[in-house]
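Engineer: The sequence shown begins at 7 in the numbering used here and counts up by one.
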Amino acid sequence: MRSAVGLNVFFLCLLVLAFLSSCSKDEKNNTDTDNPSNLVVEVTIPIADSGLVLIEASAENAAEYQLFIEPADQPAASNVTGKFEYVFTQPGTYELTVRAYGASGRFIAVTKVAVITDNDPVTVEDGYLTPMQYPGYQLVWNDEFSGITLNTQFWSHESGAGGWGNNELQHYRTENTSIDGGVLTIEARKESYQGSNYTSSRLITRNKKTFTYGRVDIRALLPKGQGIWPALWTLGNNITSVGWPACGEIDIMEMIGGGGREKTVHGTVHWDNNGHNLTGQGYTLTSGIFADEYHVFTIIWDENSIKWYVNDTKFNEVDITPAHMSEFHLPHFFIFNVAVGGNWPGNPNATTTFPQQLKVDYIRVFQKT
Numbered sequence: 007m008r009s010a011v012g013l014n015v016f017f018l019c020l021l022v023l024a025f026l027s028s029c030s031k032d033e034k035n036n037t038d039t040d041n042p043s044n045l046v047v048e049v050t051i052p053i054a055d056s057g058l059v060l061i062e063a064s065a066e067n068a069a070e071y072q073l074f075i076e077p078a079d080q081p082a083a084s085n086v087t088g089k090f091e092y093v094f095t096q097p098g099t100y101e102l103t104v105r106a107y108g109a110s111g112r113f114i115a116v117t118k119v120a121v122i123t124d125n126d127p128v129t130v131e132d133g134y135l136t137p138m139q140y141p142g143y144q145l146v147w148n149d150e151f152s153g154i155t156l157n158t159q160f161w162s163h164e165s166g167a168g169g170w171g172n173n174e175l176q177h178y179r180t181e182n183t184s185i186d187g188g189v190l191t192i193e194a195r196k197e198s199y200q201g202s203n204y205t206s207s208r209l210i211t212r213n214k215k216t217f218t219y220g221r222v223d224i225r226a227l228l229p230k231g232q233g234i235w236p237a238l239w240t241l242g243n244n245i246t247s248v249g250w251p252a253c254g255e256i257d258i259m260e261m262i263g264g265g266g267r268e269k270t271v272h273g274t275v276h277w278d279n280n281g282h283n284l285t286g287q288g289y290t291l292t293s294g295i296f297a298d299e300y301h302v303f304t305i306i307w308d309e310n311s312i313k314w315y316v317n318d319t320k321f322n323e324v325d326i327t328p329a330h331m332s333e334f335h336l337p338h339f340f341i342f343n344v345a346v347g348g349n350w351p352g353n354p355n356a357t358t359t360f361p362q363q364l365k366v367d368y369i370r371v372f373q374k375t
């Protein structure tokens, strides 16, 4: 009985060794002759602002090449030459991945980045303008962004991730803010940073420039795209002591991108009355979207009400005389930011192009004389 068991084990071991030897031999042959190696990818843009990109790939032992345009998980094209032409219809930063497949079915991949610029960019001269003075008002503060760096006497950066109370996806960084040609730019990017897949900027004037009442004009060019959420707004300067929403919030302009929503902006107030309360209205363009040209977003705020305007067209008014709206009779500071994703806009998808930019030409605060 023992000898029979031992004999069976002996033959079983021989079979296993023969199988492993065969697999090892096939694997070795496969690696040497059927698997791709040394993949090289070159990306060129032959005509600036055309959207045309040329991709040329080469690899040893390659039987097929496939081109992927991130974040799509299906190839945009495939061939045996490794030469591709692709035309982008929207500006942005795109990841191009080329896979080289061998006869074994295995592949290697290389990813490159292509930056597509706008062949008809919006300039600061395009769009609506407002004056530097109004009857019965005086200009008490403004920033025309005429320097080359952010004026830190007016503005501070808020940094970090964590969702910002709305399950947002971006990490706010100072590096996403720039000033050039009299325009402040806040840029939302698709890039990995400290656990986040997107970056952007958030600027505030807390404890530097705060106001109670007045006319506020902000001339801005808005970004676009599913999941993009620019905002020009205020919070009560006492937020660190009373919290939100007891500090009060005035949303001068919010826009949520994607799904045909880029032609509408929203003006809203938030306050505390035994819990969170809000009221607001939207304004919709009759043609085009807010990324087509600069618009001026205005509130006129006094002891009785807050009124909202787009290009001097009124679209909302809220009575702030009730006692439970005392938040709106105290100093507020300004916030400019571009969020990515979140509860309201939803997350970016394959239609969203990056980078996206909020451009601000000026902010001007007038108060009654």
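The beta carbon of each residue, even a glycine, is placed where N, CA and C say it ideally should be.
Hey, quick one: how far does the alpha helix (DSSP H) through V248 stretch, first residue to last?
Structural biologist: Run containing V248: I245 to V248, per the alpha helix (DSSP H) assignment.
Engineer: Take every Cβ of the segment 354-368, pair it with every Cβ of the segment 277-285, and state whether three or more of those distances are shorter than 8 Å.
Structural biologist: They do not touch, by the three-pair rule.
Engineer: What's the gap between the Cα of V371 and the Cα of W147?
Structural biologist: Straight-line Cα distance between these residues: approximately 5 Å.
Engineer: Please report the Cβ distance between A54 and T123, rounded to the nearest whole angstrom; I am assuming they are in contact, meaning their Cβ atoms lie under 8 Å.
Structural biologist: The pair is a contact, with the Cβ atoms about 7 Å apart (cut-off 8 Å).
Engineer: Who are the Cβ neighbours of G348 in its own chain at under 7 Å, not counting the five residues just before and after it?
Structural biologist: The residues are N172, N173, E174 and W235.
Engineer: Throw me the rounded Cβ distance for the H301 and G133 pair, which I believe falls under 8 Å.
Structural biologist: Indeed, because the Cβ distance is near 6 Å, the residues count as touching under 8 Å.
Engineer: In three-state DSSP terms, what is F217?
Structural biologist: Of the three classes helix, strand and coil, the one that applies to F217 here is strand, per DSSP.
Engineer: Let me make sure I understand the geometry here. Which of F296, E76 and Q232 has the alpha-carbon closest to that of V116?
Structural biologist: Cα-wise, what sits closest to V116 is E76.
Engineer: In whole angstroms, what separates the C-alpha of W245 from that of C253?
Structural biologist: Per the sequence shown, residue 245 should be read as Ile rather than Trp. For I245 and C253, the distance between alpha carbons rounds to 5 Å.
Engineer: Going by the beta-carbon positions, is the gap between Q373 and F321 smaller than 8 Å?
Structural biologist: No, they are not a contact pair.
Engineer: Should N41 go down as buried or exposed, given a rule of 16 or more other Cβ atoms within 10 Å for buried?
Structural biologist: With 16 or more other Cβ atoms within 10 Å, it is buried.
Engineer: Do three or more CB pairs link the segment 86-100 to the segment 147-164 at distances below 8 Å?
Structural biologist: Result no; under three Cβ-Cβ pairs closer than 8 Å.
Engineer: Could you give the first and the last residue of the continuous beta strand (DSSP E) run that contains W307?
Structural biologist: Taken as a continuous stretch (DSSP letters only), the beta strand (DSSP E) holding W307 covers H301 to W307.
Engineer: Would you mind listing the beta strand (DSSP E) stretches within the segment 96-183 that are 3+ residues and don't spill past its ends, in chain order?
Structural biologist: Fully enclosed beta strand (DSSP E) runs of 3 or longer: 98-107, 113-122, 143-149 and 176-178.
Engineer: Going by alpha carbons, who is nearest to N353 out of G231, T274, L291 and I61?
Structural biologist: For N353, the nearest C-alpha among the options comes from G231.
Engineer: Using a 10 Å radius around the Cβ and a threshold of 16 neighbouring Cβ atoms, would you call W239 buried or exposed?
Structural biologist: The residue is buried, with at least 16 neighbouring Cβ atoms inside 10 Å.
Engineer: When DSSP labels each residue in this structure, what does F372 get in the three-state scheme?
Structural biologist: In this structure, F372 counts as strand in the three-state DSSP scheme.
Engineer: Mind reading off the beta-carbon distance from Y107 to E70? Whole number of angstroms is fine, and I expect it under 8 Å.
Structural biologist: At roughly 4 Å, the Cβ-Cβ gap stays under 8 Å, so Y107 and E70 are in contact.
Engineer: Using a Cβ-Cβ cut-off of 6 Å (strictly less than) and excluding sequence neighbours within five positions of L21, which residues of its own chain qualify?
Structural biologist: Confidence at L21 is low in this model, with a pLDDT of 37, below 50, so its placement is unreliable and no value can be given for it.
Engineer: Output the boundary residues of the beta strand (DSSP E) element that contains N283.
Structural biologist: Element bounds for N283: H282 to T290.
Engineer: Residues in its own chain within less than 7 Å of A82 by CB, not counting five upstream and five downstream?
Structural biologist: L73, F74, I75 and Y92.
Engineer: To which residues of the same chain is T357 closer than 6 Å at the C-beta, ignoring the five residues directly before and after it?
Structural biologist: Within the same chain, T357 has close Cβ partners Q232.
Engineer: Distance check for Y204 and S184, CA to CA, integer angstroms please.
Structural biologist: Approximately 17 Å between the Cα atoms of the pair.
Engineer: Shortest alpha-carbon distance to L45 belongs to which of G187, L58 and E66?
Structural biologist: The shortest C-alpha separation from L45 is found at E66.
Engineer: Which residue comes first and which comes last in the beta strand (DSSP E) that contains L228?
Structural biologist: Note, L228: premise wrong, no beta strand (DSSP E); not H, not E.
Engineer: Which of the three DSSP states is assigned to T39 in this structure?
Structural biologist: T39 falls in the helix class under three-state DSSP.
Engineer: Tell me, please, whether the segment 264-274 touches the segment 333-342 by the rule of three or more beta-carbon pairs shorter than 8 Å.
Structural biologist: Segments in contact, no.
Engineer: Rounded to whole angstroms, what is the Cα-Cα separation between K215 and I224?
Structural biologist: For K215 and I224, the distance between alpha carbons rounds to 15 Å.
Engineer: Could you compute how far the alpha carbon of F68 sits from the alpha carbon of E48?
Structural biologist: For the record, residue 68 in the displayed sequence is Ala; it is not Phe. Using only the alpha carbons, I get a separation of about 16 Å.
Engineer: Which same chain residues, not among the five before or five after R208, have their C-beta less than 6 Å away from its C-beta?
Structural biologist: Once the five neighbours on either side are set aside, the close Cβ partners of R208 are E164, Y178 and N343.
Engineer: Report back the beta-carbon spacing between T211 and F160 to the nearest angstrom; my notes put them in contact at under 8 Å.
Structural biologist: T211 to F160, Cβ: 6 Å. Contact.
Engineer: Tell me whether A252 sits in a helix, a strand or coil according to DSSP, three-state version.
Structural biologist: Three-state result, A252: coil.
Engineer: Is the beta carbon of T304 closer than 8 Å to that of V222?
Structural biologist: Yes, the Cβ-Cβ distance between V222 and T304 is below 8 Å.
Engineer: N243 to T218, Cα distance in whole Å?
Structural biologist: In a straight line, the C-alpha of N243 is about 10 Å away from that of T218.
Engineer: Report yes if the CB atom of P408 is closer than 8 Å to the CB atom of G294, and no otherwise.
Structural biologist: The structure shown does not extend to residue 408, since the chain is modelled only from 7 through 375, so no value can be given for it.
Engineer: What residue range is occupied by the uninterrupted beta strand (DSSP E) comprising F90?
Structural biologist: It spans K89 to V93 - the beta strand (DSSP E) in which F90 sits, taken as one unbroken run.
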